[in-house]
Amino acid sequence: MSFNVVSVVGLGYIGLPTAAAFAARRKKVVGVDVSQHAVDTINRGEIHIVEPELDMLVHAAVSEGYLRATTVPEAADAFLIAVPTPFMEGNKPDLSYIEAASRSIAPVLKKGDLVVLESTSPVGATEKMAQWMADLRPDLTFPQHAGESSDIRVAHCPERVLPGHVIRELVENDRVIGGMTRKCGELARELYQTFVQGDCILTDARTAEMCKLTENSFRDVNIAFANELSIIADELDINVWELIRLANRHPRVSILQPGPGVGGHCIAVDPWFIVDSAPEQSRLIRTARLVNDDKPRHVIDRVKKAADRFKEPVIACLGLAFKANIDDLRESPALEITRTLADMRLGRVLAVEPNIDSLPAALDGKVELCDLLDALGIADIVIVLVDHVPFKRLDTVRLQSKVVIDTRGLLA
Ligand code: SAJ
Numbered sequence: 002m003s004f005n006v007v008s009v010v011g012l013g014y015i016g017l018p019t020a021a022a023f024a025a026r027r028k029k030v031v032g033v034d035v036s037q038h039a040v041d042t043i044n045r046g047e048i049h050i051v052e053p054e055l056d057m058l059v060h061a062a063v064s065e066g067y068l069r070a071t072t073v074p075e076a077a078d079a080f081l082i083a084v085p086t087p088f089m090e091g092n093k094p095d096l097s098y099i100e101a102a103s104r105s106i107a108p109v110l111k112k113g114d115l116v117v118l119e120s121t122s123p124v125g126a127t128e129k130m131a132q133w134m135a136d137l138r139p140d141l142t143f144p145q146h147a148g149e150s151s152d153i154r155v156a157h158c159p160e161r162v163l164p165g166h167v168i169r170e171l172v173e174n175d176r177v178i179g180g181m182t183r184k185c186g187e188l189a190r191e192l193y194q195t196f197v198q199g200d201c202i203l204t205d206a207r208t209a210e211m212c213k214l215t216e217n218s219f220r221d222v223n224i225a226f227a228n229e230l231s232i233i234a235d236e237l238d239i240n241v242w243e244l245i246r247l248a249n250r251h252p253r254v255s256i257l258q259p260g261p262g263v264g265g266h267c268i269a270v271d272p273w274f275i276v277d278s279a280p281e282q283s284r285l286i287r288t289a290r291l292v293n294d295d296k297p298r299h300v301i302d303r304v305k306k307a308a309d310r311f312k313e314p315v316i317a318c319l320g321l322a323f324k325a326n327i328d329d330l331r332e333s334p335a336l337e338i339t340r341t342l343a344d345m346r347l348g349r350v351l352a353v354e355p356n357i358d359s360l361p362a363a364l365d366g367k368v369e370l371c372d373l374l375d376a377l378g379i380a381d382i383v384i385v386l387v388d389h390v391p392f393k394r395l396d397t398v399r400l401q402s403k404v405v406i407d408t409r410g411l412l413a
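The opening residue of the sequence shown carries number 2 in this note's numbering; numbering runs sequentially from there.
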């Protein structure tokens, strides 16, 4: 089957690079997004998100006529759904974006089309998506009823790219492709092989859904182990960074790095989808989430203890992003810690974040955005919250006579 037109629904951190990757392989791509702003920006050949190299790719794709964005879905041969799956109250997955996206493409589906869910999803979401489309198109058959003879093919192929390295990882990473039937998977594999150089491995949709959740839970559980060690080490007056370095000399030990907590929209969210599906069985996964979510409180307690020694300390928070060398502040423990410290009115709070020009609303009016050297010039307490490159290059002489709380092991 040749896919003449590919439609990508949801033009965010995953959908837009994916659309650009197809376009770079000279596929006609119709991008669909509910945001008129995103659509207009892309149609000008510009981008509305920050990701290295993406701007060039999108610019080329649009100017050469391979990529076009719209708010209203159009007919295509394959549809990729890459919309958010946040969680709601009680850590339950919110499938409303997937539901809205699948309902929006249902009217333009035709016999032979492929629909792939890329969004990180709880087990069973692909089947639900197929049913939402089937409800609106009784004239077409879907795999949940017609099996291999269905008019529409449906699969799940979770994205696995690391923010900041999306363009390279999209092409090089292996992909797990879960078809609702074998033929659904094979057709999806054919589509991804347009630009993926890694292996495209077939499985069923439920395993593919669980595989993505498993990858991020693996990381969460292992970071929780490192975070718990760091709290124990503080208690026992041991340098956790040296401890981990030494333990990692063992050939079968590979401990991750502690930090101020786990941020981002993936690792801190996806494990809850497993817990929600099998609450009784997910004891370790749940506990890891709780350990990581509690880490900012531990950091704040340490700062509070240090601040008690001063009358009105100047506290410099180095880094607001959720990890090194990005500008993404969403779900960032560094941001949460800085905001809480300001709200506690322990002293004057300075934020140093070289990747942003202005403070987010959560900190506006409470915290001063400062240059690294200016902040170090006046700070009594310095908290390293993110291991950005400029902080790594810091001359430690500047920290002498200050109380330093290093959550990233930058100075260890
Ligand atoms: N972190 C630590 N210690 C570590 C490693 C990470 O505290 O040793 C923290 C980071 O500072 C950050 C958080 O964990 O706050 C997550 O950062 P990350 O770089 O581990 O991952 P993300 O959230 O940027 O991207 C992850 C990736 N998943 C895995 O590595 C298994 C990516 O491949 C996924 O595509 C992405 O989640 C996603 O979309 O699910």
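A virtual CB, placed ideally from N, CA and C, is assigned to each residue, including glycine.
Residue from the options whose Cα sits closest to the Cα of residue i
i, options, result
"Thr71", "His60, Met181 and Gly11", "Gly11"
"Asp175", "Asn240, Cys201 and Gln258", "Cys201"
"Ser430", "Ser151, Pro85 and Asn326", "Residue numbering for the chain in the displayed model covers 2 to 413; residue 430 lies beyond these limits and cannot be assessed."
"Pro334", "Pro94, Asn293, Leu115 and Val222", "Asn293"
"Asn240", "Val51, Arg409, Val33 and Leu58", "Arg409"
"Arg161", "Asp136, Arg253, Tyr14 and Arg290", "Tyr14"
"Val33", "Thr19, Ala25 and Arg26", "Thr19"
"Arg246", "Glu236, Arg154, Gly378 and Leu257", "Leu257"
"Val51", "Arg287, Gly264 and Asn356", "Asn356"
"Asp309", "Met345, Asp295 and Ser402", "Met345"
"Cys267", "Val177, Lys111, Phe392 and Asn217", "Asn217"
"Cys185", "Ile153, Thr208, Pro159 and Val270", "Ile153"
"Lys403", "Val387, Asp381 and Val390", "Asp381"
"Ser150", "Ser359, Ile379, Ala234 and Lys112", "Lys112"
"Glu332", "Val390, Arg190 and Val270", "Val270"
"Ile432", "Asp365, Leu400, Pro361 and Lys393", "The first residue shown for the chain is 2 and the last is 413, placing residue 432 beyond what the model contains."
Distance CB(residue i)-CB(residue j) smaller than 8 Å
i, j, result
"Ile406", "Val304", "yes"
"Ala126", "Glu210", "yes"
"Ala307", "Arg340", "no"
"Phe143", "Ile106", "no"
"Ile99", "Met130", "yes"
"Val353", "Leu373", "yes"
"Leu330", "Leu321", "yes"
"Val315", "Gly348", "yes"
"Ile327", "Gly165", "yes"
"Pro261", "Val300", "yes"
"Pro297", "Glu337", "yes"
"Leu285", "Ile168", "no"
"Pro252", "Ala227", "no"
"His157", "Leu96", "no"
"Gly148", "Thr204", "no"
"Gly264", "Lys324", "yes"
"Leu137", "Arg104", "yes"
"Leu192", "Leu291", "no"
"Arg27", "Asn44", "no"
Cut-off 6 Å between Cβ atoms - residues of its own chain near residue i, not counting five sequence neighbours on either side
i, result
"Leu351", "Ala317, Glu369, Cys371 and Ala376"
"Leu395", "none"
"Ala22", "Leu171 and Phe196"
"Ala76", "Val109"
"Gly199", "Glu173, Asn174 and Asp175"
"Glu90", "none"
"Ala289", "Asp221, Val222 and Ala225"
Sequence-distant residues of the same chain with beta carbon closer than 8 Å to residue i, five excluded per side
i, result
"Lys29", "Asn5, Val6, Val7 and Tyr67"
"Glu243", "Ala413"
"His146", "Ala135"
Paired residues, beta bridge with residue i - DSSP
i, result
"Lys1", "For residue 1 there is no data in the structure shown, the boundaries of the chain being 2 and 413."
"Pro94", "Phe88"
"Arg349", "Val315"
"Leu370", "Ala352"
"Phe80", "Ser8 and Val116"
"Ile99", "In DSSP, Ile99 forms no bridge with anything."
"Gly180", "Ala156 and Asp205"
"Lys29", "Val6"
"Asp407", "Val385"
"Ala70", "Gly32"
7 Å CB neighbourhood of residue i in its chain, flanking five on each side removed
i, result
"Gln37", "Thr72"
"Ser255", "Asn249"
"Pro94", "Thr86, Phe88, Pro123, Phe274 and Asp277"
"Gly46", "Val59, His60, Val63 and Ser64"
"Ala189", "Leu115, Val117, Ala156, Cys158, Ile178 and Gly180"
Closer than 8 Å to chain C by CB, residue i
i, result
"Ile256", "Of the protein chains in the structure, only one exists, and it is not chain C."
Residue i beta carbon near the ligand MN (any heavy atom closer than 7 Å)
i, result
"Gly148", "With respect to small molecules bound, the structure shown includes the ligand SAJ and not the ligand MN."
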